[in-house]
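For reference, the structure is listed below as C-alpha cells.
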Amino acid sequence: AQTVTQSQPEMSVQEAETVTLSCTYDTSENNYYLFWYKQPPSRQMILVIRQEAYKQQNATENRFSVNFQKAAKSFSLKISDSQLGDTAMYFCAFTSGANSKLTFGKGITLSVRP
Amino acid sequence: GAVVSQHPSWVICKSGTSVKIECRSLDFQATTMFWYRQFPKQSLMLMATSNEGSKATYEQGVEKDKFLINHASLTLSTLTVTSAHPEDSSFYICSARPGTSGPYEQYFGPGTRLTVT
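Residue numbers (the working numbering), protein chains in the order written: chain A, 1 to 114; chain B, 1 to 117.
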C-alpha cells in the first residue's frame with residue numbers, strides 16, 4: 001500500500017519570501033503521479049502542480065515548483081515570492097493510476113504573514 | 001476548464017431524514033467520480049469511487065446502505081445520506097477524473113457542509 005507523509009503540521013512565511021513544504025511517500029510502483037493540492041479557507045481543493053514519476057525534470061507552474069527526488073521518494077513544493085493568497089492547507093497526493101485513487105498526506109497549514 | 005460543481009453547498013436536515021448531494025463535471029466527461037469526507041483541519045477521507053453505469057466501490061468501513069452513490073451519466077454523480085444522524089454531520093467533497101489514462105489528476109467540487117440536527 002502507498003503512504004504519503006507530511007511531517008510538518010504548520011508553517012509560516014513572510015510575504016514575498018520563499019517557503020518549501022516537505023512530502024515523502026512510499027511505494028513499490030515504478031510509474032506513478034504526484035500532486036500538490038491547495039485548500040484555502042473556502043475549502044475548495046485546487047490542483048497546484050503535478051509530476052509524472054517517469055519525468056526527470058521537476059515540474060514548475062509560475063511561482064510553484066517541485067523538487068522531485070525519486071530515489072529518496074521525496075516530493076517537496078517550493079513557493080517563491082509568497083503572497084497572502086497562498087495562505088491555505090496544502091496536501092501532497094499520490095496515485096499509481098492502477099485504481100485511480102489518490103492517497104493524501106495529512107496536509108500542512110501554511111500561513112503567509114504580511 | 002475542468003470545473004466541478006456541487007449542490008447544495010450547505011444543508012441542514014433533521015435526524016432520520018435523507019439528503020441528496022449532486023456532483024457535476026461542467027466542461028468534461030468524468031468516467032470516474034469520487035466522494036470524500038473531511039473533518040476540520042484534517043485530510044480528505046475517501047468514501048467511495050464511482051464509475052459511470054456501474055456500482056460504486058466503497059472504502060472499508062463505509063456503510064454502502066447509508067451512503068448511496070449513483071453515477072448515472074458521465075457528468076453527474078449523486079451521494080444520498082440516508083437516515084442521517086448527527087454523527088453524519090461533516091464536509092463532503094466530490095471529485096471527478098477526466099479520461100482513463102494518465103496523469104490521473106482529480107478536479108474537486110467546492111464541497112457540501114451537512115449539518116444534522
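By construction, the Cβ of each residue, glycine as well, lies at the ideal position given by its N, Cα and C atoms.
*Quick one, which of TYR36(B), LEU44(B), ALA2(B) and CYS13(B) has its alpha-carbon nearest LEU79(B)'s?*
TYR36(B)
_Contact with chain B by MET11(A), beta-carbon distance below 9 Å_ = no
*State yes or no: is the beta carbon of THR49(B) nearer than 9 Å to at least one beta carbon in chain A?*
yes
*Is the stretch 4–18 of chain B touching the stretch 44–55 of chain B, taking contact as three or more C-beta pairs under 8 Å?*
no
*Under a three-way DSSP split, which group does PRO98(B) fall into?*
strand
*Could one say the Cβ of ALA29(B) lies closer than 9 Å to chain A's Cβ atoms, at least one of them?*
The amino acid occupying residue 29(B) in the given sequence is Gln; Ala does not appear at that position. It does not; no Cβ of chain A falls within 9 Å.
*asked:* Taking the alpha-carbon of ILE46(A) as reference, which of THR117(B), LEU114(B), GLN106(B) and GLY53(B) has the nearest alpha-carbon?
replied: GLN106(B)
*Helix, strand or coil: which one does DSSP assign to ASP26(A)?*
strand
*Can you say whether GLN51(A) is buried or exposed, counting buried as having 16 or more other CB atoms within 10 angstroms of its CB?*
buried
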